[in-house]
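To keep things clear, I will list the structure first and then write my remarks on it.
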Amino acid sequence: MQFFNNLHLFIILSWLFISCDSRQPEYDSVRFGICTDVHKDIMHDADERLTAFIDEAKNRDLDFIIQMGDFARPYEHNKEFMAIWNSYPGEKYHVLGNHEPDGGFDMSNVVENFGMPSRYYSFDKGGLRFIVLDGNEFNPSPDRPGGYSRYISEEQLNWMVEELSGAKDRVVIISHQSLEHEEGIENMEYIRPLLEEENRLAGYNKVIACFSGHHHTDYATTINGIYYIQINSMSYYWAGDNYKVIRYSEDIDQQFPWIKYTIPYEKPLYTFVEISKKAISIEGKETKFVGPGPEELGMPTPPENNPIVPRISNRKLLLKP
Numbered sequence: 080m081q082f083f084n085n086l087h088l089f090i091i092l093s094w095l096f097i098s099c100d101s102r103q104p105e106y107d108s109v110r111f112g113i114c115t116d117v118h119k120d121i122m123h124d125a126d127e128r129l130t131a132f133i134d135e136a137k138n139r140d141l142d143f144i145i146q147m148g149d150f151a152r153p154y155e156h157n158k159e160f161m162a163i164w165n166s167y168p169g170e171k172y173h174v175l176g177n178h179e180p181d182g183g184f185d186m187s188n189v190v191e192n193f194g195m196p197s198r199y200y201s202f203d204k205g206g207l208r209f210i211v212l213d214g215n216e217f218n219p220s221p222d223r224p225g226g227y228s229r230y231i232s233e234e235q236l237n238w239m240v241e242e243l244s245g246a247k248d249r250v251v252i253i254s255h256q257s258l259e260h261e262e263g264i265e266n267m268e269y270i271r272p273l274l275e276e277e278n279r280l281a282g283y284n285k286v287i288a289c290f291s292g293h294h295h296t297d298y299a300t301t302i303n304g305i306y307y308i309q310i311n312s313m314s315y316y317w318a319g320d321n322y323k324v325i326r327y328s329e330d331i332d333q334q335f336p337w338i339k340y341t342i343p344y345e346k347p348l349y350t351f352v353e354i355s356k357k358a359i360s361i362e363g364k365e366t367k368f369v370g371p372g373p374e375e376l377g378m379p380t381p382p383e384n385n386p387i388v389p390r391i392s393n394r395k396l397l398l399k400p
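End of the sequence shown sits at 400 in our numbering; the numbers just go up one at a time, nothing left out.
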């Protein structure tokens, strides 16, 4: 009788172990710093802004830092700016933005300048897999919208699916352009179901979040169990020609003529993120506009997922087991 009781207990414990092993991945808490859309080639004080982020990151216990695009073009005169970034002694990662090749560069020049392994890649940290996408590929459709390329090719998506299926634990997607915003990656409606299908096959929320920059806004939402998080620009909101204002000195305007088309943030915005088994915690940071803001300029009310605000909101996004 004792034998059968022990056998019964063994079967139950074995089933629980298999169930937990297949549906409840184990991973450690991961902490990292994020900045995005610094725009060295537009902002006169980009070096000071980046220095503030790097200095704070150096004083924190982080697993890595990452910048999510529109960082700096590969000019010779931007080497000092890159040196600020490279002064961080820990692991650091880059995402390609749409403005990096401006000035006649090829994206391969940018990849080399940043020291990236390739245009898109993945890395594992603390049991989590981070998949970095390149959303700047050319859309072959004759119906593609104008402007900068914001598309992900079938070749890259096939690679992404392999990376997803090969991940043992939870996955975070990082791209410059959003997979949720209407002006984000053009084939997002095809990409999101790929992420959702991986979760269905895994039997749990394997893909937990998609981080992006590009839109210079502060927003988070959830679609079919996956968080989509937009991190605000370190430097400004782009207002455009109808709302241009000289906000600094005439001398600065002559040297950096694109600033007047923006609504700059007085102090740099960046954030530090912790992903635990229970939640994604995003540390808030707030400043104010330099000069008149969107209301004073008479700008139209933006859509819900594109607020014009000088902040990164403090968030705690709960994760399903």
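We put the CB at the ideal spot given by N, CA and C, even for glycine. If you're wondering where the values come from, they're calculated on a predicted model, not measured in any experiment.
Cβ-Cβ separation, Asp116 to Met313 (assumed contact under 8 Å), whole Å | Right, their Cβ atoms sit about 6 Å apart.
Residue ranges of each alpha helix (DSSP H) within the segment 276-359, 4 or longer = Taking only runs of at least 4 residues, the alpha helix (DSSP H) segments lying wholly in the segment 276-359 are 329-334.
Could you tell me whether the Cβ atoms of Val251 and Phe193 are closer together than 8 Å?
-> No, the pair does not count as a contact, with Cβ atoms beyond the cut-off.
Buried or exposed: which applies to Phe368, given that a residue is buried once 16 or more other Cβ atoms fall within 10 Å of its Cβ?
-> The residue in question, Phe368, is buried, as its Cβ has 16 or more Cβ neighbours within 10 Å.
What did DSSP end up calling Ser101 once you bin it into helix, strand or coil?
-> For Ser101, the predicted model reports a pLDDT of 45, less than 50, meaning its position is unreliable; a value from the coordinates is still stated below. Ser101 sits in a helix when the DSSP states are folded into three classes.
Beta-ladder partner(s) of Phe368, from DSSP = Paired residues: Tyr344.
Taking buried to mean at least 16 other C-beta atoms within 10 Å of its own C-beta, is Gln333 buried or exposed?
-> Label assigned to Gln333: exposed.
Pick out whichever of Glu259, Glu277, Asn157 and Tyr315 has its Cα sitting closest to the Cα of Trp337.
-> Selected option, being the one with the closest Cα: Tyr315.
Name the DSSP beta bridge partners of Phe202, please?
-> In DSSP, Phe202 forms a bridge with Phe209.
Skipping 5 residues on each side, what residues in its chain have a beta carbon closer than 6 Å to that of Phe217?
-> Cβ neighbours of Phe217 beyond the five flanking positions: Ser228.
What is the DSSP secondary structure of Lys171, counted as helix, strand or coil?
-> In this structure, Lys171 counts as strand in the three-state DSSP scheme.
Under 8 Å, do Ile342 and Gly372 count as touching if we go by C-beta distance?
-> In contact: Ile342 and Gly372 (Cβ atoms closer than 8 Å).
For Gln256, name the three-state secondary structure that DSSP assigns.
-> In the structure shown, Gln256 sits in coil (DSSP, three-state: anything other than H, G, I, E or B).
So is Ser201 buried or exposed if we call it buried at 16+ other beta carbons inside 10 Å?
-> Classification for Ser201: buried.
For Phe160, which three-state DSSP category applies?
-> Taken through DSSP and simplified to helix, strand or coil, Phe160 comes out as helix.
Using the Cα positions of Met378 and Lys339, report the straight-line distance between them to the nearest angstrom.
-> Taking the straight line joining both Cα atoms gives about 15 Å.
Could you pull out every residue in the same chain whose Cβ sits closer than 6 Å to the Cβ of Glu265, ignoring the five residues on either side in sequence?
-> Non-local C-beta neighbours of Glu265 in its own chain, meaning closer than 6 Å and more than five positions away in sequence, comprise Asn218, Arg229 and Tyr230, ordered along the chain.
By the 10 Å Cβ neighbour count, where 16 or more other Cβ atoms means buried, how is Asp140 classified, buried or exposed?
-> It is exposed - the Cβ of Asp140 has fewer than 16 other Cβ atoms within 10 Å.
Roughly how many whole angstroms lie between the Cα atoms of Glu191 and Glu375?
-> Approximately 42 Å between the Cα atoms of the pair.
C-alpha gap between Glu167 and Val352, whole angstroms = Residue identity differs from the one stated: residue 167 is Tyr in this sequence, not Glu. Answer to the nearest angstrom: the Cα atoms are 17 Å apart.
Cα-Cα, which of Gly206, Ser244 and Thr296 is closest to Lys356?
-> Check the Cα spacing between Lys356 and each of Gly206, Ser244 and Thr296: the tightest is with Gly206.
Provide the residue span of the beta strand (DSSP E) that contains Lys119, from first to last.
-> Premise fails: Lys119 is in no beta strand (DSSP E) and is neither H nor E.
Give the secondary structure of Gly245 by DSSP, where H, G and I count as helix, E and B as strand, and everything else as coil.
-> Gly245: helix per DSSP, three-state reduction.
Compute the distance between the beta-carbons of Tyr327 and His178, then report whether it is under 8 Å.
-> No.
Proximity to Glu242 [Cα-Cα], best of Phe143, Leu274 and Gly263 | Residue Leu274 is the option with its Cα nearest to Glu242.
Chain-order list of residues whose beta-carbon lies under 7 Å from that of Phe143 (same chain, five-residue window excluded) = Once the five neighbours on either side are set aside, the close Cβ partners of Phe143 are Phe111, Gly169, Glu170, Lys171, Tyr172 and Lys204.
Which residue from Asp222, Val109, Ile121 and Glu233 puts its Cα closest to that of Phe335?
-> Cα-wise, what sits closest to Phe335 is Ile121.
At what residues does the alpha helix (DSSP H) containing Val109 begin and finish?
-> Premise fails: Val109 lies in the beta strand (DSSP E), Val109 to Cys114, not in any alpha helix (DSSP H).
Any idea if Tyr298 is buried or exposed, counting beta-carbon neighbours within 10 angstroms, 16 or more meaning buried?
-> In the assembly as shown, Tyr298 is a buried residue. Its beta-carbon has 16 or more other beta-carbons within 10 Å.
Taking buried to mean at least 16 other C-beta atoms within 10 Å of its own C-beta, is Lys285 buried or exposed?
-> That one is buried.
Residue interval of the alpha helix (DSSP H) (run including Ile133) = In the DSSP assignment, Ile133 falls within the alpha helix (DSSP H) that extends over Ala125 to Lys137.
CB-CB length for Gly282 against Ile310, believed under 8 Å | That belief does not hold up - the Cβ atoms of Gly282 and Ile310 are roughly 30 Å apart, past 8 Å.
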